[in-house]
Structure formats: structure tokens, C-alpha cells
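Undergrad: Protein chains in written order, with this note's numbering: chain W, 119 to 595; chain R, 525 to 1013.
No residue lacks a Cβ here, since even glycine has one placed at the ideal position from N, Cα and C.
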Amino acid sequence: MQWEVVIGLETHTQLATRSKIFSGSSTAFGAEPNTQASAIDIALPGVLPVLNKQAVECAIRFGLAVGADINRYSIFARKNYFYPDLPKGYQISQYEEPVVKGGAIHFSLNEQDYQVRLTRAHLEEDAGKSLHEEIPGATGIDLNRAGTPLLEIVSEPDMRSAEEAVAYAKALHQIVTWIGICDGNMQEGSFRCDANVSVRPVGSKTFGTRCEIKNLNSFRFLERAILFEVERQIEILENGGSIVQETRLYDPDRDETRSMRSKEDAMDYRYFPDPDLLPVVIDEQWINEVKEKMPPLPLVLKERFITEYGLTEYDANLITSERALTDYFIALTQSAKASAKLCANWLTGEVMAALNRTQLNIKECPIQPQQLVDLVARIEDQTISGKIAKTVFEVLWQEGGDVDSVIEARGLKQVSDSSAIEKIVDELMASNPDQVAEFRAGKDKVLGFFVGKAMKVSGGKLNPTQLNDVLRKKLAG
Amino acid sequence: MDISSLSVKKIKQLIDSKALSAFELAGLYLQRIEKLNPELNAFITVDADKTLAQAKQLDQAIWQGESRPLMGVPLAHKDIFCAKGWLTTCGSKMLANFVAPYDAHVVEAFNRSGTITLGKTNMDEFAMGSSNETSYFGAVKNPWNLGKVPGGSSGGSAAAVAARLAPLATATDTGGSIRQPAALCGVSGLKPTYGNVSRYGMIAYASSLDQGGLMAVSAEDIAYGMNSLVGHDERDSTSVKRAEEDFTSQLNNPLKGLRIGLPEEFFKEGVDTDVAQAVEQAIQELEKLGAVRVPLKLPNTSLSVPVYYVLAPAEASSNLSRFDGVRYGHRTKDYRNLIELYEKTRAEGFGAEVKRRILTGTYVLSRGYYDAYYLQAQRVRRLILQDYLNAFEHCDVILGPSTPSVAFGFNEKTSDPVSMYLSDIFTISVNLAGLPGLSIPVGFGREHLPVGLQLIGPHFAEAKLLNVAHQYQLVSDWHQQLPAGIAQV
Chain W
119 MQWEVVIGLE
129 THTQLATRSK
139 IFSGSSTAFG
149 AEPNTQASAI
159 DIALPGVLPV
169 LNKQAVECAI
179 RFGLAVGADI
189 NRYSIFARKN
199 YFYPDLPKGY
209 QISQYEEPVV
219 KGGAIHFSLN
229 EQDYQVRLTR
239 AHLEEDAGKS
249 LHEEIPGATG
259 IDLNRAGTPL
269 LEIVSEPDMR
279 SAEEAVAYAK
289 ALHQIVTWIG
299 ICDGNMQEGS
309 FRCDANVSVR
319 PVGSKTFGTR
329 CEIKNLNSFR
339 FLERAILFEV
349 ERQIEILENG
359 GSIVQETRLY
369 DPDRDETRSM
379 RSKEDAMDYR
389 YFPDPDLLPV
399 VIDEQWINEV
409 KEKMPPLPLV
419 LKERFITEYG
429 LTEYDANLIT
439 SERALTDYFI
449 ALTQSAKASA
459 KLCANWLTGE
469 VMAALNRTQL
479 NIKECPIQPQ
489 QLVDLVARIE
499 DQTISGKIAK
509 TVFEVLWQEG
519 GDVDSVIEAR
529 GLKQVSDSSA
539 IEKIVDELMA
549 SNPDQVAEFR
559 AGKDKVLGFF
569 VGKAMKVSGG
579 KLNPTQLNDV
589 LRKKLAG
Chain R
525 MDISSLSVKK
535 IKQLIDSKAL
545 SAFELAGLYL
555 QRIEKLNPEL
565 NAFITVDADK
575 TLAQAKQLDQ
585 AIWQGESRPL
595 MGVPLAHKDI
605 FCAKGWLTTC
615 GSKMLANFVA
625 PYDAHVVEAF
635 NRSGTITLGK
645 TNMDEFAMGS
655 SNETSYFGAV
665 KNPWNLGKVP
675 GGSSGGSAAA
685 VAARLAPLAT
695 ATDTGGSIRQ
705 PAALCGVSGL
715 KPTYGNVSRY
725 GMIAYASSLD
735 QGGLMAVSAE
745 DIAYGMNSLV
755 GHDERDSTSV
765 KRAEEDFTSQ
775 LNNPLKGLRI
785 GLPEEFFKEG
795 VDTDVAQAVE
805 QAIQELEKLG
815 AVRVPLKLPN
825 TSLSVPVYYV
835 LAPAEASSNL
845 SRFDGVRYGH
855 RTKDYRNLIE
865 LYEKTRAEGF
875 GAEVKRRILT
885 GTYVLSRGYY
895 DAYYLQAQRV
905 RRLILQDYLN
915 AFEHCDVILG
925 PSTPSVAFGF
935 NEKTSDPVSM
945 YLSDIFTISV
955 NLAGLPGLSI
965 PVGFGREHLP
975 VGLQLIGPHF
985 AEAKLLNVAH
995 QYQLVSDWHQ
1005 QLPAGIAQV
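#1: Can you check whether the C-beta of N170/W is within less than 9 Å of a C-beta belonging to chain R?
#2: So, V741/R versus V764/R, is the Cβ gap smaller than 9 Å?
#3: Where I405/W and Q584/W are concerned, what is the direct C-alpha to C-alpha distance, given to the nearest angstrom?
#4: Which class does E877/R belong to by DSSP, given the choice of helix, strand or coil?
#5: Rounded to a whole number of angstroms, what is the C-alpha to C-alpha distance between E811/R and R817/R?
#6: Between A896/R and T444/W, what straight-line distance do the alpha-carbon atoms span, to the nearest angstrom?
#7: Output yes if chain R places a C-beta closer than 9 Å to the C-beta of F200/W; else output no.
#8: At what residue ranges does the region 339 to 423 of chain W contain a whole run of the alpha helix (DSSP H), taking only runs of 4 or more?
#9: So which residues of chain W does L889/R contact, with C-beta pairs closer than 7 Å?
#10: Can you round the beta-carbon distance between I882/R and L835/R to whole angstroms, since I take them to be within the 8 Å contact cut?
#11: Could you give the first and the last residue of the continuous beta strand (DSSP E) run that contains T645/R?
#12: According to a CB-to-CB cut-off of less than 7 Å, which residues of the region 134 to 161 of chain W neighbour chain R?
#13: In angstroms, rounded to a whole number, what distance separates the CA positions of V954/R and E744/R?
#14: Just to make sure I have the definition right: I need the residues of chain W whose C-beta is within less than 8 Å of the C-beta of I908/R. Which are they?
#15: Ignore the nearest five residues each way along the sequence and tell me which others in L827/R's own chain have a CB closer than 6 Å to its CB.
#16: Whose C-alpha, out of E971/R, G892/R, Q581/R, R906/R, is nearest the C-alpha of P1007/R?
#17: Could you run through the region 837 to 860 of chain R and flag, in chain order, every residue whose CB is less than 9 Å away from some CB of chain W?
#18: Please confirm whether S655/R and P674/R have their CB atoms less than 9 Å apart.
#19: Strictly below 8 Å CB to CB, what residues from chain R border E196/W?
#20: Quick one: is D260/W near chain R, going by C-beta distance under 9 Å?
#21: In chain order, what residues of the region 600 to 625 of chain R put their CB closer than 9 Å to some CB of chain W?
#22: Which residues of chain W have a Cβ atom closer than 8 Å to the Cβ of E872/R, listed in chain order?
#23: Compare the C-beta of E744/R against all C-beta atoms of chain W and say whether one is closer than 9 Å.
#24: Name, going along the chain, the residues of the region 713 to 731 of chain R whose beta-carbon falls closer than 9 Å to a beta-carbon of chain W.
#25: For chain W, find out if any of its Cβ atoms is closer than 9 Å to the Cβ of T658/R; answer yes or no.
#26: Any idea what DSSP makes of S929/R, helix, strand or coil?
#27: Closer than 7 Å, Cβ to any Cβ of chain W: which residues of the region 758 to 784 of chain R, in chain order?
#28: In the DSSP assignment, find the beta strand (DSSP E) that holds K505/W and state where it starts and stops.
#29: If Q978/R and F950/R are in contact, beta carbons under 8 Å, what's the gap, nearest whole angstrom?
#30: Quick one: what's got a C-beta closer than 6 Å to A280/W's C-beta in the same chain, skipping five residues either side?
#31: Grouping DSSP H, G and I as helix and E and B as strand, with all else coil, what is I437/W?
#32: Using CA coordinates, which residue listed in I604/R, Q578/R, G713/R is at the minimum distance from E548/R?
#33: Three or more C-beta pairs under 8 Å: does that hold for the region 497 to 508 of chain W against the region 470 to 485 of chain W?
#34: Taking Cβ positions only, does Y866/R come closer than 9 Å to chain W?
#35: Measuring CB to CB, does Q363/W end up less than 9 Å from R328/W?
#36: State the DSSP-derived secondary structure class of V117/W, mapped to helix, strand or coil.
Given below as C-alpha cells:
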């Protein structure tokens, strides 16, 4: 039988606010356990939550970025369950009225465009951490993370393969980091996915029974977990079994998913509106204020880069994959000295390669946009060749400095003086009569031999176009 | 010096004129507490050193010419309010060892006003009860008759004021917990409009109903206290922002033409004759002062008790989840795993009434029952509010008995929770509607036990209620009478 895979993702994005969603404690990562847990975070008797407006603003940003409806009136609800890292015995979340409804994520994969619809996005607080290994024979509780603001983004079951799910997650990751609501750091848990996976016979209209795989904190784990889960479900069904609805955990060491709890144990969270918090009212004015602060979105910029600067789809995609990269590129285009297209080539080529090699990100790039513009401008005005430019680039990367000074100091300036080129060509022809004869006998390839020799003699500084012209003219006799 | 006749107003004069130091005054009250509290059990915690140290500090400030609105006024806090460095038990074994590391808004506000904390008063466990019999620290006794309950849940504060162990006491009211004990102990007690007094640091029972308030001998004293208590607090999202108000400013307004609404549902069968008679006499007194009767109806009154006993337990079941033995409070000694830690801690830490309400609340919020109970109760709650809003189009205040009967005996109602719940029948709807309510003594019923009259006002009409009560108290002396046994001390 042919099986169709159905995937929906729930993504927890940690919002990049300075303080927690209902208290004034810091959200910074990595502090000593329980040093960022206030009376509110540890749920002392009598304390009350006060909503951090910044978190709501992040949600509005997200809603605007994905074309969703911003709920003008949303409410916080209590999700009740007992766990040691949940100090109040309930999590403040949103249930019936989330702050964001609808919207969609667009991405392309294998040169095909996809759209994944969003169900909703709601605000909630994170729980603390249970530390099972740190203290022998006991479980430690670290409440630093308790109360950290999260935006849970729920997709429709619109994805049909692990590859699509990963592409969706990457596109979502790009958006939340782009609009600055999440630092996107997956290792620190700032962006983690739960995948709802089911399979059904191709052509079936109803969904199969789904399993939810919790807490996937890398794109690779997301992909591996889904692939394993799909295979597991198909195997069960093909052997005449049926899928049990359950929550599963992915174990990266064994590359498999394991049952965590079945639906029979599913808790009744007894949601009800939190009487300690007023409904969140978002008016037109607030939305407009957020709108004004929003950066242009990657898809918009990508189109602009293609139409305005003639970038290839590939380069435009790559440049808009990250906000900082786009900012760098935009800085390059601010100067009229060099063509944006050639700048883009250098950015996605040399710069990216060098960054990869040195494990730096674009923000740490030792070559400033202005230096790169100057370099590209010198290629375009033929002061140096593209090849020599790579040498200059290396110097700039290693030692910094001004482009023209580097070219000057190292004598890298291109030789465009035709008499000097002619002199070199004459000498070469004189010392290689056989090759001259070959060329004249119709062996065109020999041209390359002379180009190589000439460049070697000159240290690569000859203007290649001019050299070509002179060679052709003289060799032709 | 006989402190049993001291009012807040009088104390202010004595301290301001330096006729008495805060230290001397605190000492006198501590002596009286030491003498009477063993029998009354009105206080859970008294810490003379702490109290005297605070008084000394205030005296220094006074000598340096500092003046604050309630400088040197001794005050008792209900043990539901967190007070930094004080044991704060909420009447429960669960918190029997909990020393609060911070001050509730109410405590902070009074400290700022210059009051002296005399101690923490006894209460029904987690404010769940109408007789004070659910306190882990034993029931408070009614100063008027030691065989009777003081009412609840703020029974400790009511008994303390009635026995003049404190001139002023804080209290809280979720379904009548200020007004019912005030009535049963013959003192004045005000539950402010929901949102007028910050709930920050007040241990939550039912968040949408809980409201901090005050008890004192007279309405006038409460007015002085309210000036310190009311005000926006950004730490409580439900605390309202309003212009500052002087609650003493309207005390002396004449009552001529005051329209008193008398809901027929408050005077039906179920109200004892002794209570009905005392209330009727008080109405006649008010008429003499120029008030007029306006008969009216609050048709959904009978639904208020069932609605309350869905909503309050629902919120309580969630609010009390934090008492799990993990971070503070009681933790069972013996457990093998996490579930057992939870189960045994909570089984040992909570009393029967608290468990009953947690179970009820958990039930009404459960899948499949939520709509029929919780949602339906919320709908009826809106109808009850609407009844009041309609009524206030025809009257300025609503009046009725605070309770259907005078104080009852210990163990009389403990085996029948519903009859216990019905003792709050006249007070509960006021919380559901978020309105201010004031109970004042208006005479005595059987066995010479006090009768309370309740005045209910529109939202934020506390000053009006205090005005009506003060005018009545100028022409009556019920509030100044002392329990016989206590008077001799």
C-alpha cells in the first residue's frame, strides 16, 4: 500500500524579552540555578502575575509577519497539573482566545512553493527545569526558566514529509529571528518543536491516528524523529496493527522514538480563565505602532533583490535567509561605487566561504561592507582582476586595511599598459616558437598556454581582456 | 489607663499630642492580649519584641517631628496577609512553619501609615469557613459568649476588635468573611469594592471574589483605615486606578432623602425574628434621620450560594495547587516517590473543609462538567450583578440583615456543610457582584448576642456606606458596648 504522511508542528519559541512574562526577573540564559527566580517565579503564597507588555508586542509582531488575525481581546487561562518544576501547580497559557489566529508560512523546497497554514499562536510561560543528574540520589529544581515567555505556534497538519516539516521549521525560524522576537538559539532551547505525525493510505480523506513527538530541538532531530516515526507507524499498520495515540520522545542516541504516555493517561488540565489577569486588549493604535517598527520581511526583500539588482534566485534566497546577512548586503548596496549584483556574488561566494571556514557569523565578519564595496569597485574599474581581488580579500581578512593601500603596497595593480603586455607577449612567442606554430596550424587551445605563461611571468597582474586581445592579434601573425 | 474605650481617632489624638507614646500604647494592648487571648484564641501569632521594637522606632520618628496618618495606631493583621518576618499560616497546618519573606500590599500600606503590628489573627483555614472552626490552630471564641462561634473566616480579627485587643484589624472577605464575623461579634466590618484594595500578598482563596478590608469598633475608625488601604497597586492586575479618595470626608453628610433599598428576598422566611426585629428598629432610626424606604427585588438572590460554591472552589482548587511540599510549607516526612510526596503532603497539610472545596472545584472544572457548572455559574453571576445594577437605579444603598441568625454554637453546623454555607446567604451575592458591603451592630438577639445590619452600595460607594453607618452610630451605642465578661478585665 502507498502511504501518505501527515505532519503538523507545534513550535515553542522563547521570546527575546529582557524580563519574564509575569515577573520582573531576568530571562538571561545560563545563570546559577534559582538566581533568576523571584517570589512570583517560585510562587510564594500571595504573589500575583503582572503581564509583560513586551511579550504581547512580540506576539503582535509575529501575527503581522505571517498575515494572521490579531485577536483584539484575548485571555489567559490556567492549565492545571502538578510537577515540581511548575511552582504554581498551573501554567498560565492561553486556551480559548489566543492572541494570534490563522496566518501562513511560505517557503520553497526543491524549486516548488509551499504554504503551511497556521492554526494559532498563543502566549504562555515556560516551566522550570528538573535536574536529574546534577545531584546524586535527588532531583534538583532550577526555576530560572520558570516564567520565561513563550509563543507557541501551532500549524495545521499541512506537511506531507519530514523534508517539508524541516523546511517549514526553518522558514518559521527565519521569521521569528528576522522580526527579532526570538534569538533562535536551538541548543539553549529557544526554538523547539513538537511534531504530530500520522500516516494514511494515499487518497484517504480522514486522518490516521497521530502520535506527538515532544521537544525536538534541532532540525536534524526533527527530521530523524519524523522519519523514524513514519516508518514505525507504517510497519505497525502493514502488519495489521493499529496506532495508539500517544506522546513520544525522540532519543537521538538510539535514533528512535519511545512512548512517554498514552492518551489514556492524558491529563485533564481543567483550563479556566485566570482570574488574576485581565483580558489582553489590543487596539488598532497598538498594532499600528508595532507595524511601524517592523522590518521588511525576507520574502519581500528577496523579490526586491531579484527585480531591482538582478540577483539570482539562489543568491537572493541565501542573502535573505538571515537578517544580519541581509543587513550586510543592504549596506553594500548603499554605495553606488560597485554593482549590487557583483557585490552579492562576492558576499555569497568568498565572504560566506571564509565565514564557514573560520566558523564566524556575518556579524563577526572582519571585512566591513565598505571594504568589500571598495574591493568590488576595483574589479569593476579594472584596477585589479577578479583573481588578484581574492588575494586582496585574503589580506583584508587577515590584516584589515584600506583596499587601495593594500593594492598599492603589494604592487597588485593590474597592468593595462598595452606596450608592457606586448613586450611580454613578444618575449614569450620568441622563446616558444613551436607553440606559436601549433596555434597558427589551428590549435586554438594553445592560447591558454600563453595566457598561463604571461600571468605567471607577471604575477597575475595583466589585464586578462587586454592580454587576450594582444595574444590573439600577435599569434595570428 | 482603660484602652477598651479607645477609638482610632482618639489614639491619633493621644499620639499626636504626645500624651501617650506608641511604645506605651503597644504595651497596654499586648498586656490585654496576654490576658484575654488564651481564652479567646483570637491571635495565632503575637510577638511582643517585634511589636515593641516597631513602636520604639515609631516613637523616634514622632520625636523627630514626623507625622503619618495612623502614627502609632495598633493594628492586628489577619493571618492571610504576608508580613515580612512574621509567621503567616493562613490558619493551616500547610503553612504552620511559613515565615513570610515579604509584605503584602495591605501590610506595607499600613506600615507606611505608621501603624504598629500587634500580631496575626486566627482564621478559618485558607479563609474557608463561616465559624472559625476549620482553623488548624483551634477555633476562636465569641467574646460575647464563649460557647458561640465568632463567625468566619475573619473570626480572629472580629473577636480581637470585639474584645478590644486591637482598635483596628485587617480582614478579608470572599463570601462574607468580614461582614458575617463582624455581625456575630458586634463590630463594624467593611468589605470594599473588588479591586479597591490590592490583593498582592494576600494568600488567595478565590481570586475573583477575595477582597481585603477592615474591622473596627466604628464606621468612622474604618474610614480612617481605608485612607491608608485604598490605592492602585501595579503588582495586582485587578487593582483599579482611581483618583485618591478621603473616606472620612462624607461621614457627616446628612441622610435626608437617602433612599434605602429593601430587597424582599432579604426579609423572607429564614431570618430569625430577633434578627428581623433589630434590623427593623435600625431602619426606623434611619428614617428618623431622613432616610426613606424603597421596596425592591433581587430575584436571583437564592442562586448566589450555589453559584458561589461552584466558582469559589473552582478557583481555590487551582490557587491551592502551589502547596505541594516542594518549596515551602509542610512536607510529609515519609515518601517513596513524587506522587506520594504530593499525596501525603496535601493529605496531611489540609483540613477537611479545604479538601472538600478542592475536590468540588476540581470536579466542576473537569472535562465534561465545565460547561454545566463553571460556565453556567459565570452566567448566573452576571445576572446577580445585573439585579444589583437595576436595584441601584432606584436606591442609594441596599439594606438587610448581615446574617439570618445570631452566633451559633460550636459544632452546631460542622456536620452539615450546607447549613453552614447558608449562614452567608446575604453576604455572598455582594462578592459575586464585586460591590462594597458594610456590617454594623444594631442590637442584640437571643442570649444577648449581637445582630448585624448590612449596607450594600454601588461600586466604589464605600464613603456613602461609611456615611450612613456613622450617622447611625452617632445616634446609637450598640457598637460601643462591651461583652460582659470582657468589660471587667
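TA: Straight from the coordinates:
#1: Here residue 170/W refers to the residue found at position 52 of the first sequence. Not an interface residue.
#2: Position 217 of the second sequence holds residue 741/R. Position 240 of the second sequence holds residue 764/R. Contact flag unset, no.
#3: Along the first sequence, one-based indexing puts residue 405/W at 287. Along the first sequence, one-based indexing puts residue 584/W at 466. Cα to Cα, I405/W sits roughly 60 Å from Q584/W.
#4: By one-based count along the second sequence, residue 877/R stands at place 353. In this structure, E877/R counts as helix in the three-state DSSP scheme.
#5: Translated into the one-based positions of the second sequence, residue 811/R becomes position 287. Translated into the one-based positions of the second sequence, residue 817/R becomes position 293. In a straight line, the C-alpha of E811/R is about 8 Å away from that of R817/R.
#6: As a first step, residue 896/R is located in the second sequence; it is residue number 372 there, counting from the start. As a first step, residue 444/W is located in the first sequence; it is residue number 326 there, counting from the start. Cα-Cα distance, rounded: 55 Å.
#7: The sequence position of residue 200/W within the first sequence is 82, counting from 1. Chain R contact via Cβ: present.
#8: 402 to 411
#9: Counting from 1 along the second sequence, the entry for residue 889/R is found at position 365. Within chain W, the residues near L889/R are R388, F390.
#10: As a first step, residue 882/R must be located in the second sequence, where it is residue number 358. As a first step, residue 835/R must be located in the second sequence, where it is residue number 311. Contact doesn't hold; Cβ gap of about 14 Å is too wide.
#11: Here residue 645/R refers to the residue found at position 121 when the second sequence is read from its first residue. From DSSP, the beta strand (DSSP E) with T645/R extends over 640 to 645.
#12: A157, I160, A161
#13: Along the second sequence, one-based indexing puts residue 954/R at 430. Along the second sequence, one-based indexing puts residue 744/R at 220. If you take the alpha carbons of V954/R and E744/R, they lie about 22 Å apart.
#14: The residue given as residue 908/R occupies position 384 in the second sequence. Those do not exist, as I908/R stays about 17 Å from chain W at its closest Cβ, beyond 8 Å.
#15: Mapped onto the second sequence, residue 827/R falls at position 303. For L827/R, where only same-chain residues beyond five positions count, the Cβ hits under 6 Å are V904.
#16: Taking the second sequence and counting its residues from 1, the one referred to as residue 1007/R is at position 483. When only C-alpha atoms are compared, the closest one is E971/R.
#17: A838, E839, S841, S842, N843, L844, S845, R846, F847, D848, V850, R851, Y852, G853
#18: The residue given as residue 655/R occupies position 131 in the second sequence. The residue given as residue 674/R occupies position 150 in the second sequence. Yes. Within cutoff.
#19: What you label residue 196/W is simply residue 78 of the first sequence in a count that begins at 1. Note that residue 196/W is Arg in the sequence shown here, rather than Glu. Going along chain R in sequence order, the residues near R196/W (Cβ under 8 Å) are S842.
#20: Mapped onto the first sequence, residue 260/W falls at position 142. No, no contact with chain R.
#21: I604, F605, C606, T612, C614, L619, F622, A624, P625
#22: Residue numbering aside, residue 872/R sits at position 348 when the second sequence is read from its first letter. Within 8 Å Cβ-Cβ: nothing; E872/R doesn't reach chain W, min ~16 Å.
#23: Locating residue 744/R in the second sequence gives position 220, where the first residue counts as 1. E744/R does not count as touching chain W.
#24: S722, R723, Y724, G725, M726, I727, A728, A730, S731
#25: By one-based count along the second sequence, residue 658/R stands at place 134. No - not a single Cβ of chain W is within 9 Å of the one on T658/R.
#26: If you number the second sequence from 1, residue 929/R lands on position 405. In this structure, S929/R counts as coil in the three-state DSSP scheme.
#27: E758, R759, D760, S761, T762
#28: Numbered from its first residue, the first sequence carries residue 505/W at position 387. Not the beta strand (DSSP E): K505/W falls in the alpha helix (DSSP H), residues 504 to 517.
#29: To locate residue 978/R, count along the second sequence from 1; it is residue 454. To locate residue 950/R, count along the second sequence from 1; it is residue 426. About 6 Å separates the two Cβ atoms, so the contact holds.
#30: Position 162 of the first sequence, counting from 1, holds the residue named residue 280/W. Only E341, I344, L345 meet the Cβ criterion.
#31: For the purposes of this step, residue 437/W is taken as the residue at position 319 of the first sequence. Looking at I437/W - three-state DSSP - the assignment turns out to be helix.
#32: Here residue 548/R refers to the residue found at position 24 of the second sequence. Checking every option, the nearest Cα to that of E548/R belongs to Q578/R.
#33: no
#34: The sequence position of residue 866/R within the second sequence is 342, counting from 1. By this cut-off, Y866/R is an interface position.
#35: For the purposes of this step, residue 363/W is taken as the residue at position 245 of the first sequence. For the purposes of this step, residue 328/W is taken as the residue at position 210 of the first sequence. Cβ distance < 9 Å, so Q363/W and R328/W count as in contact.
#36: The structure shown does not extend to residue 117/W, since chain W is modelled only from 119 through 595, so no value can be given for it.
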